[in-house]
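Have a look at the structure below, then the notes.
There are 2 protein chains.
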Amino acid sequence: MQIRHAEPADYGRVIGRVNAWWGGREMAPMLPRLFFVHFEGTSYVLDDEDGQLAAFLIGFLSQTDPEEAYVHFVGVAPEHRGEGLGRRLYERFFEDARGHGRTRVRSVTSPANEESVAFHKALGFEAERVAHDYDGPGEDRVLFVKPLG
Amino acid sequence: MQIRHAEPADYGRVIGRVNAWWGGREMAPMLPRLFFVHFEGTSYVLDDEDGQLAAFLIGFLSQTDPEEAYVHFVGVAPEHRGEGLGRRLYERFFEDARGHGRTRVRSVTSPANEESVAFHKALGFEAERVAHDYDGPGEDRVLFVKPLG
Numbered sequence: 287m288q289i290r291h292a293e294p295a296d297y298g299r300v301i302g303r304v305n306a307w308w309g310g311r312e313m314a315p316m317l318p319r320l321f322f323v324h325f326e327g328t329s330y331v332l333d334d335e336d337g338q339l340a341a342f343l344i345g346f347l348s349q350t351d352p353e354e355a356y357v358h359f360v361g362v363a364p365e366h367r368g369e370g371l372g373r374r375l376y377e378r379f380f381e382d383a384r385g386h387g388r389t390r391v392r393s394v395t396s397p398a399n400e401e402s403v404a405f406h407k408a409l410g411f412e413a414e415r416v417a418h419d420y421d422g423p424g425e426d427r428v429l430f431v432k433p434l435g
Numbered sequence: 287m288q289i290r291h292a293e294p295a296d297y298g299r300v301i302g303r304v305n306a307w308w309g310g311r312e313m314a315p316m317l318p319r320l321f322f323v324h325f326e327g328t329s330y331v332l333d334d335e336d337g338q339l340a341a342f343l344i345g346f347l348s349q350t351d352p353e354e355a356y357v358h359f360v361g362v363a364p365e366h367r368g369e370g371l372g373r374r375l376y377e378r379f380f381e382d383a384r385g386h387g388r389t390r391v392r393s394v395t396s397p398a399n400e401e402s403v404a405f406h407k408a409l410g411f412e413a414e415r416v417a418h419d420y421d422g423p424g425e426d427r428v429l430f431v432k433p434l435g
């Protein structure tokens with residue numbers, strides 16, 4: 287499976303799968319098309335041998351801090367979990383972020399999402415702290431940072 | 287009222303007001319803190335004489351297209367509508383986008399939001415077309431573009 291850059295044309299197929307991957311939850315408000323249109327160079331998709339979406343990552347270069355890059359959203363198809371696809375996508379993002387002169391990557395996740403917390407630590411992210419109401423009332427987030435060596 | 291750049295510290299007060307301005311709808315998923323952290327330089331708030339949030343605009347420079355800038359979200363307090371605050375915020379955004387070498391601004395809105403459609407036209411945006419399912423199933427959007435003279 288080859289990683290390629292996400293394109294606006296991927297949006298429909300991603301959003302169609304993502305709601306199912308998240309157990310029927312409506313994910314589109316969190317993932318508007320703008321990320322596929324305006325952050326192509328730091329966003330990626332992985333299709334499986336049948337041309338079905340296996341995994342994707344949406345990230346960008348911070349406009350505020352020229353040292354930072356940020357991962358907004360990562361999804362892996364349930365039937366492809368445990369194959370290292372998430373890691374491959376993150377490593378590609380790290381490489382491209384480094385190529386743009388970034389020295390660290392940030393990401394946030396819900397403290398209730400133990401799988402995501404463990405995954406970030408396995409990738410070399412440090413959990414700085416848990417921030418209450420970070421993404422709105424009741425939306426606590428673990429703040430992760432990883433230096434790019 | 288003076289326009290200033292949005293900061294991460296504004297996030298809580300913005301999200302607290304925005305849900306009320308949108309009639310109790312949960313807007314936080316559409317407006318995560320990342321926009322306040324990573325796109326400060328092209329995002330703005332306007333406080334009224336009492337220090338209450340009167341209006342804000344969240345925008346960014348396209349990473350894909352060095353000619354483009356994008357407005358993601360604009361909100362004006364109901365008690366301050368009709369005072370031209372939205373226009374002031376957009377004009378400040380146009381000015382800063384131009385300063386970064388951008389030659390056009392894009393924005394999208396729901397075709398059902400007639401007020402927003404009329405507002406964009408009054409600001410000099412052209413409605414390119416209505417795109418079906420643009421931001422997910424059933425989420426049609428009018429695609430606006432404005433050249434920066």
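Residue numbers (our numbering), protein chains in the order written: chain A, 287 to 435; chain B, 287 to 435.
Where a beta carbon is used, it is the ideal one built from N, C-alpha and C, also for glycine.
For clarity, every value in this text was computed on a predicted model and none was experimentally measured.
Residue from B:W308, B:L339 and B:F325 whose Cα sits closest to the Cα of D382 (chain B):
If you number the second sequence from 1, residue 382 (chain B) lands on position 96. Scanning B:W308, B:L339 and B:F325 for the CA closest to the CA of D382 (chain B) turns up B:F325.
Near-chain A residues of the stretch 337-355 of chain B - C-beta to any C-beta below 8 Å
Only F346, L347, S348, Q349, T350, D351 and E354 from the stretch 337-355 of chain B bring a Cβ to less than 8 Å from some Cβ of chain A.
Report yes if the C-beta distance between L332 (chain A) and R384 (chain A) is below 7 Å; otherwise report no.
Position 46 of the first sequence holds residue 332 (chain A). Position 98 of the first sequence holds residue 384 (chain A). Not a contact, by the Cβ cut-off of 7 Å.
For Y376 (chain A) and chain B, any beta-carbon pair shorter than 7 Å?
Taking the first sequence and counting its residues from 1, the one referred to as residue 376 (chain A) is at position 90. No, no contact with chain B.
Could you give the residue range of the alpha helix (DSSP H) that holds A408 (chain A)?
Looking up residue 408 (chain A) in the first sequence gives position 122. Start and end: E400 to A408.
Any heavy atom of the ligand SAH closer than 6 Å to the CB of H366 (chain A)?
For the structure depicted, the ligand SAH is absent and the ligand set is empty, with no information on it obtainable.
For H291 (chain A), which three-state DSSP category applies?
Looking up residue 291 (chain A) in the first sequence gives position 5. DSSP places H291 (chain A) in strand when its eight states are reduced to three.
Cβ pair count under 8 Å reaching 3, the stretch 297-311 of chain B against the stretch 346-353 of chain B
With contact defined as three or more Cβ pairs closer than 8 Å, the stretch 297-311 of chain B and the stretch 346-353 of chain B are not in contact.
Stretch pair the stretch 357-376 of chain A + the stretch 306-322 of chain A: three plus CB contacts closer than 8 Å
Because the criterion of three Cβ pairs below 8 Å is met, the stretch 357-376 of chain A and the stretch 306-322 of chain A touch.
What are the boundary residues of the beta strand (DSSP E) that includes A417 (chain B)?
Numbered from its first residue, the second sequence carries residue 417 (chain B) at position 131. E412 to A417 is the extent of the beta strand (DSSP E) around A417 (chain B).
Using the Cβ count rule (16 or more neighbours within 10 Å means buried), how would you classify H406 (chain A)?
Your numbering for residue 406 (chain A) matches position 120 in the first sequence. Buried is the call here.
For the stretch 301-324 of chain B, enumerate the residues whose C-beta is nearer than 7 Å to any C-beta of chain A, in chain order.
Legend: CB atoms of the stretch 301-324 of chain B lying less than 7 Å from CB atoms of chain A belong to residues I301, A314, P315, M316, P318, R319, L320, V323 and H324.
Note down, in chain order, all residues in the stretch 356-375 of chain A with a beta-carbon under 9 Å from any beta-carbon belonging to chain B.
Of all residues in the stretch 356-375 of chain A, the ones placed with a Cβ closer than 9 Å to any Cβ belonging to chain B are Y356 and H358, in chain order.
Proximal residues of chain A, C-beta to C-beta of T328 (chain B) below 8 Å:
Counted from its first residue, the second sequence places residue 328 (chain B) at position 42. Those are Q349, listed as they occur along chain A.
Could you name the residues of chain A that E425 (chain B) contacts, counting a contact when the two beta carbons are closer than 8 Å?
Counting from one through the second sequence, the residue named residue 425 (chain B) turns up at place 139. Neighbours of E425 (chain B) in chain A, taken as residues at a C-beta separation under 8 Å, are given in chain order as A314.
Check whether chain A comes within 7 Å of G422 (chain B), counting only Cβ atoms and requiring the distance to be less than that.
Translated into positions along the second sequence, residue 422 (chain B) becomes position 136. The beta-carbon of G422 (chain B) is placed less than 7 Å from the nearest beta-carbon of chain A.
Locate the beta strand (DSSP E) running through G361 (chain B), then write down its first and last residues.
For the purposes of this step, residue 361 (chain B) is taken as the residue at position 75 of the second sequence. According to the DSSP assignment, G361 (chain B) belongs to the beta strand (DSSP E) that extends over E354 to V362.
I need the DSSP call for P315 (chain A), collapsed to helix, strand or coil.
Against the first sequence, residue 315 (chain A) aligns to sequence position 29. In this structure, P315 (chain A) counts as helix in the three-state DSSP scheme.
Proximal residues of chain B, C-beta to C-beta of G298 (chain A) below 7 Å
Residue mapping note: residue 298 (chain A) aligns to position 12 of the first sequence, counting from 1. Within chain B, the residues near G298 (chain A) are D419.
Are the CB atoms of Y330 (chain B) and I289 (chain B) within a distance shorter than 7 Å?
Position 3 of the second sequence, counting from 1, holds the residue named residue 289 (chain B). Position 44 of the second sequence, counting from 1, holds the residue named residue 330 (chain B). Yes.
According to DSSP, E393 (chain A) sits in a beta bridge with which residue or residues?
On the first sequence, position 107 is the one that residue 393 (chain A) refers to. Reading the sequence as shown, one finds Ser at residue 393 (chain A) and not Glu. Assignment of beta-bridge partners to S393 (chain A) by DSSP yields A:V357 and A:F430.
For G345 (chain B), the residue or residues it bridges with in DSSP
Sequence index remark: in the second sequence, residue 345 (chain B) carries index 59 (1-based). B:V357.
Going by the beta-carbon positions, is the gap between L375 (chain A) and A341 (chain A) smaller than 7 Å?
Locating residue 375 (chain A) in the first sequence gives position 89, counting from the first residue. Locating residue 341 (chain A) in the first sequence gives position 55, counting from the first residue. Contact: yes.
Check the C-beta distance from R427 (chain B) over to V394 (chain B) and give it rounded, since I have them as a contact under 8 Å.
The residue labelled residue 427 (chain B) in the question sits at position 141 within the second sequence. The residue labelled residue 394 (chain B) in the question sits at position 108 within the second sequence. With 8 Å as the limit, R427 (chain B) and V394 (chain B) qualify as a contact, their Cβ atoms being about 4 Å apart.
Does Y420 (chain A) come out as helix, strand or coil in the three-state DSSP assignment?
Taking the first residue of the first sequence as 1, we reach residue 420 (chain A) at position 134. When DSSP states are grouped into helix, strand and coil, Y420 (chain A) belongs to the coil group.
Please classify R415 (chain A) as buried or exposed, where buried requires at least 16 other C-beta atoms within 10 Å of its C-beta.
Residue numbering aside, residue 415 (chain A) sits at position 129 when the first sequence is read from its first letter. Here R415 (chain A) is exposed, its C-beta having fewer than 16 other C-beta atoms within 10 Å.
Inter-residue spacing [alpha-carbon to alpha-carbon] between E354 (chain A) and D334 (chain B):
Counted from its first residue, the first sequence places residue 354 (chain A) at position 68. Counted from its first residue, the second sequence places residue 334 (chain B) at position 48. Here the C-alpha atom of E354 (chain A) lies approximately 33 Å from the C-alpha atom of D334 (chain B).
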